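Peer 1: Take a look at this one; I'll ask things after.
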Amino acid sequence: MAWVVRRESGEGTFDEDTLPDPPQLIRSAVDGEGIARDAGERHGFTVGVLRGGWLYGPIPQTRMVVDLLRKRRLPVIGRGDFLVAPIHIDDLAAAFAVAAESDREGTWNVVDDEPLRFASLVRRIAELAGAPQPRTVPGWVARLLLGGPVYESMTTSMDTSNARIRAELGWAPAHPTLRQGL
1253 MAWVVRRESG EGTFDEDTLP DPPQLIRSAV DGEGIARDAG ERHGFTVGVL
1303 RGGWLYGPIP QTRMVVDLLR KRRLPVIGRG DFLVAPIHID DLAAAFAVAA
1353 ESDREGTWNV VDDEPLRFAS LVRRIAELAG APQPRTVPGW VARLLLGGPV
1403 YESMTTSMDT SNARIRAELG WAPAHPTLRQ GL
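For any residue, its number in this note's numbering is found by taking its place in the sequence shown, counting from 1, and adding 1252.
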């Protein structure tokens, strides 16, 4: 479960038919999709690939983000205008259950109803957690400090929707937006 399609900010929306172009740090996710599809063909079972968005909820990742914000160690990179497509952990689990119970084969993006700019996302989390608002770091500084692959994975825009999984599997998020899910 990783994001394997990407767009630079402003390049537009992508869907499940867009060719994968993952950041270097998660290229193995594309390999995993291929392995699953090959196994399905060889052994005669259907394969559903679910590509989850930015995962949040009562999980370590969210606690880590809050902790970094409280310590002022999670900045907004550049303008923070790249899109993040969140998904609550419970909604992702429900999507996996719906897909497992289905005989449908396919690929589905599992995200909530409202992509957010990264700056809006971290500022909202900081506000809800009572943490200071994040600082801003120029993109070139972040790239220098983080290294190219980490910078690339942190600034990849995820402008997509859940339209296909809604239409094909009847799934809908119980937490349609990050604002409601937090």
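Note that beta-carbon positions come from the ideal geometry of N, C-alpha and C, so glycine has one too. In this text, all values refer to a predicted model and were calculated from it rather than measured experimentally.
Should A1351 and G1305 be called a contact, given that it needs their Cβ atoms to be closer than 8 Å?
Peer 2: Here residue 1351 refers to the residue found at position 99 when the sequence shown is read from its first residue. Here residue 1305 refers to the residue found at position 53 when the sequence shown is read from its first residue. No.
Peer 1: Output the residue ranges of the beta strand (DSSP E) runs that lie fully inside the region 1275–1311 and measure 3 residues or longer, sorted by chain position.
Peer 2: 1300–1304 and 1306–1308
Peer 1: Let me make sure I understand the geometry here. Which of G1400, T1270 and V1299 has the alpha-carbon closest to that of G1284?
Peer 2: Working through the sequence shown from its first residue, we reach residue 1284 at position 32. When C-alpha distances from G1284 are compared across G1400, T1270 and V1299, the shortest belongs to V1299.
Peer 1: So is S1280 buried or exposed if we call it buried at 16+ other beta carbons inside 10 Å?
Peer 2: Here residue 1280 refers to the residue found at position 28 of the sequence shown. Looking at its Cβ environment, which holds fewer than 16 other Cβ atoms inside 10 Å, S1280 is exposed.
Peer 1: To the nearest angstrom, how far is the alpha carbon of L1380 from that of D1290?
Peer 2: Against the sequence shown, residue 1380 aligns to sequence position 128. Against the sequence shown, residue 1290 aligns to sequence position 38. The alpha-carbon atoms of L1380 and D1290 are separated by roughly 44 Å.
Peer 1: Under a Cβ-count criterion, where at least 16 other Cβ atoms within 10 Å of its own Cβ denotes burial, should W1360 be classed as buried or exposed?
Peer 2: Taking the first residue of the sequence shown as position 1, residue 1360 is located at position 108. By the neighbour-count rule (16 or more Cβ atoms within 10 Å), W1360 is buried.
Peer 1: In this structure, what does DSSP give as the bridge partners for H1340?
Peer 2: Your numbering for residue 1340 matches position 88 in the sequence shown. Its beta-bridge partners are Y1308.
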